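Working notes, structure below.
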Amino acid sequence: MSPTFHWSDYLIFAISLICYSLIGIYHRYHNVIFEKLTSCFPGINFKPKVRKKMNVEELFLGDRNLTLLPIVGSVMASFLSAVAILGTASEAYQCGIQFILLVGGYCIAFPLAAYVYMPVFYKLRLNSAHEYLEMRFGKLVRWTTSLVFLLQMIVYIALALYAPALAFSQVSGLPIWISILSTGLVATFYTAFGGIRAVVWVDLFQLIVLISGLCLITLLITLKVGGFQRLWGIVIDGQRVQSFDFSTDPFKRHTLWTLIIGGTGLVLSIFGANQTQIQRYLACRDLKTARRAILLNIPLTSGFLAVQLFTGLAIYAYFAGCDPVLNGSIKRYDQILPYIVMILFDGVVLVRGIFLSVIFAAALSTVSSGINSLANVCLEDLIRPLYIHWKHMDISERVKYRLALFLGILFGTLTVSLAFIFTLSSSHILQISFSLFGAIGGPILTVFTVGIFFPCINAEVSKVDYVH
65 MSPTFHWSDY LIFAISLICY SLIGIYHRYH NVIFEKLTSC FPGINFKPKV RKKMNVEELF
125 LGDRNLTLLP IVGSVMASFL SAVAILGTAS EAYQCGIQFI LLVGGYCIAF PLAAYVYMPV
185 FYKLRLNSAH EYLEMRFGKL VRWTTSLVFL LQMIVYIALA LYAPALAFSQ VSGLPIWISI
245 LSTGLVATFY TAFGGIRAVV WVDLFQLIVL ISGLCLITLL ITLKVGGFQR LWGIVIDGQR
305 VQSFDFSTDP FKRHTLWTLI IGGTGLVLSI FGANQTQIQR YLACRDLKTA RRAILLNIPL
365 TSGFLAVQLF TGLAIYAYFA GCDPVLNGSI KRYDQILPYI VMILFDGVVL VRGIFLSVIF
425 AAALSTVSSG INSLANVCLE DLIRPLYIHW KHMDISERVK YRLALFLGIL FGTLTVSLAF
485 IFTLSSSHIL QISFSLFGAI GGPILTVFTV GIFFPCINAE VSKVDYVH
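Pasting the structure below:
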């Protein structure tokens, strides 16, 4: 009989979701909460910084006054999806630690984002990065890029909900609809009502849960194997720690050149040209804070990548000589991380619940960040310009705020619905969708790069990027 979750595991998961929702409520009613505290406890001097009444700029950009700590965590957490965590452990289990070469891509891409791309958007005080494309190439390129971005992020967010739910469903019997619905609704709730302040602080909290939880699980697996020395011996014997491949053959699975060059392009497309990340830079109180937030992610992201890879090695050491995919215990290698937690800690109170919270913390951070940026792009790049064009006047602040709330709820509902549609499709949808994400991210990065580095290139040339 396959191991299943205990009621205490569900309790831990539910408590984590409640905590995330409470953070959203706090940031939505910040001023009211402290007014009530002051009236209830007149002897205590509550002097929080009074925030502006919630409007569109507060909802999407936090009044451009966010500090370093939450931004650093949010920049890192936004694209640390559950898909990436499950996939990285699986990669190390099957192929070893070649993926650590992505750190070379981080060392190139993050400084480029910090010193070249981000300052362009920040100094213009934009609401959306795509506004720059209208200044540079005209309305058509801005609208095209915005529509392409919407497609990219809707698919990616739905995948961030679907993939971990599928993995847990197949190894533990956890109903897939519970995972998708609970995480999707909670993320939509605190994103729509708490705005980007709630998103970045929840991201930071989720990042702490994610790192501490994964480190705990990895430590426990290492102890189960028999300690680090025994683990490392098994890994060496299994050739999971190889010398790096310097081959220039582009058809090889992983080489030093493909990982560093390809990694640079991938990381730069996410952290230099994706509205989800750029929105965090624009929300910073000053340029220096935004730059530090990006650069601090070099050691942080590199360190977390190393932890994920070591987790995969620990799992390999545990299953050495008894591969769970080959013996039919699981169907795919991306299920191996939840599988080992389920079998190793069957009957151990709280550990599996902590792991469940860890994986879905990663999913929630991706979903909430994506929904916030989708609503911003749809309002600022599509609805508002079209309204101004037709009515020759701007939308009132009150209507914009209501539209922003509606769009947040709409995109949350849409991505949850798409995640349910994925459950009716074959497993190949994952490969197809990730290919779509990569194919879309490249052209968007190219358009921004052309605009920044090649002032002589006009709008007609930039349109070719999307056509091809």
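Counting in this note's numbering, the sequence shown runs from 65 upward without gaps. By construction, the Cβ of each residue, glycine as well, lies at the ideal position given by its N, Cα and C atoms. Every value quoted in this text rests on a predicted model; they were computed, and no experiment measured them.
Can you name, in chain order, every residue of its own chain whose Cβ lies under 6 Å from the Cβ of residue i, other than the five neighbours on each side?
{"i": "Ser145", "result": "Ala224, Ala426, Thr430"}
{"i": "His194", "result": "Arg206, Thr209, Ser210, Asp445"}
{"i": "Arg355", "result": "Ala178"}
{"i": "Gly168", "result": "Ile324"}
{"i": "Val136", "result": "Ala357, Leu360"}
{"i": "His492", "result": "In this predicted model, His492 has a pLDDT of only 49, less than 50, meaning its place in the structure is not dependable; the value taken from the coordinates is given anyway. So the list is empty, once near-sequence residues are dropped."}
{"i": "Leu494", "result": "Because Leu494 carries a pLDDT of 48, less than 50, the predicted location of this residue cannot be relied on, and no value is offered for it."}
{"i": "Glu198", "result": "Arg206"}
{"i": "Leu351", "result": "Tyr186"}
{"i": "Arg396", "result": "none"}
{"i": "Val533", "result": "It is not possible to answer for residue 533, since the shown part of the chain is limited to 65 through 532."}
{"i": "Ala483", "result": "Ala222, Leu225, Tyr226, Ile244"}
{"i": "Thr328", "result": "Gly169, Ile172, Ala173"}
For residue i, which option in the options has the closest C-alpha, if you only look at C-alpha atoms?
{"i": "Phe368", "options": "Ala231, Pro134, Ala153", "result": "Ala153"}
{"i": "Gly336", "options": "Gly126, Tyr74, Ile508, Gly476", "result": "Ile508"}
{"i": "Leu249", "options": "Ser192, Ser432, Asn440", "result": "Ser432"}
{"i": "Lys187", "options": "Arg416, Cys348, Tyr465", "result": "Cys348"}
{"i": "Phe185", "options": "Gly88, Phe124, Gln343", "result": "Gln343"}
{"i": "Ala468", "options": "Thr479, Thr477, Leu482, Leu438", "result": "Leu438"}
{"i": "Tyr279", "options": "Phe201, Ile298, Leu190, Ala370", "result": "As written in the sequence, residue 279 is Cys, which differs from the Tyr given in the question. Nearest C-alpha to Cys279: Ala370."}
{"i": "Gly277", "options": "Ser481, Ser80, Gly476, Ala503", "result": "Ser80"}
{"i": "Gly515", "options": "Ser307, His318, Phe374, Arg200", "result": "Arg200"}
{"i": "Asp313", "options": "Val305, Gln306, Thr322", "result": "Thr322"}
{"i": "Gly326", "options": "Tyr181, Gly476, Leu130, Gly505", "result": "Gly505"}
{"i": "Pro229", "options": "Ile521, Thr510, Thr487, Val511", "result": "Per the sequence shown, the amino acid found at residue 229 is Ala instead of Pro. Checking every option, the nearest Cα to that of Ala229 belongs to Thr487."}
{"i": "Ala227", "options": "Gln216, Trp241, Ser366, Cys442", "result": "Trp241"}
{"i": "Asn129", "options": "Arg189, Gly88, Ala78", "result": "Arg189"}
{"i": "Ile300", "options": "Phe213, Leu346, Leu377, Tyr345", "result": "Leu377"}
{"i": "Pro134", "options": "Ile447, Phe315, Tyr451, Leu271", "result": "Leu271"}
{"i": "Phe512", "options": "Gly291, Ile485, Ser311, Tyr196", "result": "Tyr196"}
{"i": "Ile76", "options": "Pro519, Val413, Ala384, Cys520", "result": "Val413"}
Assuming residue i contacts residue j under a Cβ cut-off of 8 Å, what Cβ separation, rounded to an integer in Å, is found between them?
{"i": "Pro402", "j": "Ala231", "result": "5 Å"}
{"i": "Ser246", "j": "Phe69", "result": "About 13 Å separates the two Cβ atoms, so there is no contact after all."}
{"i": "Ala251", "j": "Leu428", "result": "5 Å"}
{"i": "Leu238", "j": "Val422", "result": "Not a contact, Cβ separation roughly 14 Å."}
{"i": "Asn440", "j": "Ser192", "result": "6 Å"}
{"i": "Leu176", "j": "Leu332", "result": "6 Å"}
{"i": "His91", "j": "Gly259", "result": "7 Å"}
{"i": "Val120", "j": "Tyr465", "result": "5 Å"}
{"i": "Thr353", "j": "Leu132", "result": "5 Å"}
{"i": "Tyr345", "j": "Met182", "result": "5 Å"}
Assign residue i to one of two classes, buried (16 or more other C-beta atoms within 10 Å of its C-beta) or exposed (fewer than that).
{"i": "His453", "result": "exposed"}
{"i": "Ser233", "result": "buried"}
{"i": "Gly417", "result": "buried"}
{"i": "Leu295", "result": "buried"}
{"i": "Ser533", "result": "Beyond the ends of the chain as shown, which are 65 and 532, falls residue 533; an answer cannot be given."}
{"i": "Gln303", "result": "exposed"}
{"i": "Glu461", "result": "exposed"}
{"i": "Ile394", "result": "buried"}
{"i": "Gln339", "result": "buried"}
{"i": "Phe470", "result": "exposed"}
{"i": "Ile82", "result": "exposed"}
{"i": "Val463", "result": "exposed"}
{"i": "Ala78", "result": "exposed"}
{"i": "Ile400", "result": "buried"}
{"i": "Phe517", "result": "exposed"}
{"i": "Gln306", "result": "exposed"}
{"i": "Cys520", "result": "exposed"}
{"i": "Leu330", "result": "buried"}
{"i": "Gly126", "result": "buried"}
If I measure Cβ to Cβ from residue i and keep anything under 7 Å in the same chain, skipping five residues before and after, which residues do I get?
{"i": "Gln341", "result": "Val139, Ser142, Ile334, Phe335"}
{"i": "Ile362", "result": "Tyr170, Cys171, Phe174"}
{"i": "Asp73", "result": "Arg416, Gly417, Leu420"}
{"i": "Asp398", "result": "Leu150, Gly151, Ser154, Ala231"}
{"i": "Leu373", "result": "Thr152, Ala156, Ile161, Phe163, Ile164"}
{"i": "Gly297", "result": "none"}
{"i": "Cys442", "result": "Leu214, Leu471"}
Tell me which same chain residues have a C-beta within less than 8 Å of the C-beta of residue i, skipping the five on either side of it?
{"i": "Lys203", "result": "Pro449"}
{"i": "Tyr382", "result": "Ile285, Lys288, Val289, Ile404, Leu408"}
{"i": "His318", "result": "Cys159, Gln162, Phe163, Leu165, Asp309"}
{"i": "Ile281", "result": "Thr375, Val405, Val415, Ile418, Phe419, Val422"}
{"i": "Ile435", "result": "Ile221, Ala251, Thr252, Thr255, Ala256, Gly472, Phe475, Gly476, Thr479"}
{"i": "Ile87", "result": "Tyr254, Gly258, Ala262, Trp265, Val266, Phe269"}
Would you verify that the beta carbon of residue i is, or is not, closer than 8 Å to some beta carbon of chain B?
{"i": "Ile521", "result": "Here there is only one protein chain, and chain B is not present."}
Item to complete: Indicate whether the contact test is met: 3 or more Cβ pairs, each with one atom in the stretch 263-275 and one in the stretch 388-397, closer than 8 Å.
Response: no
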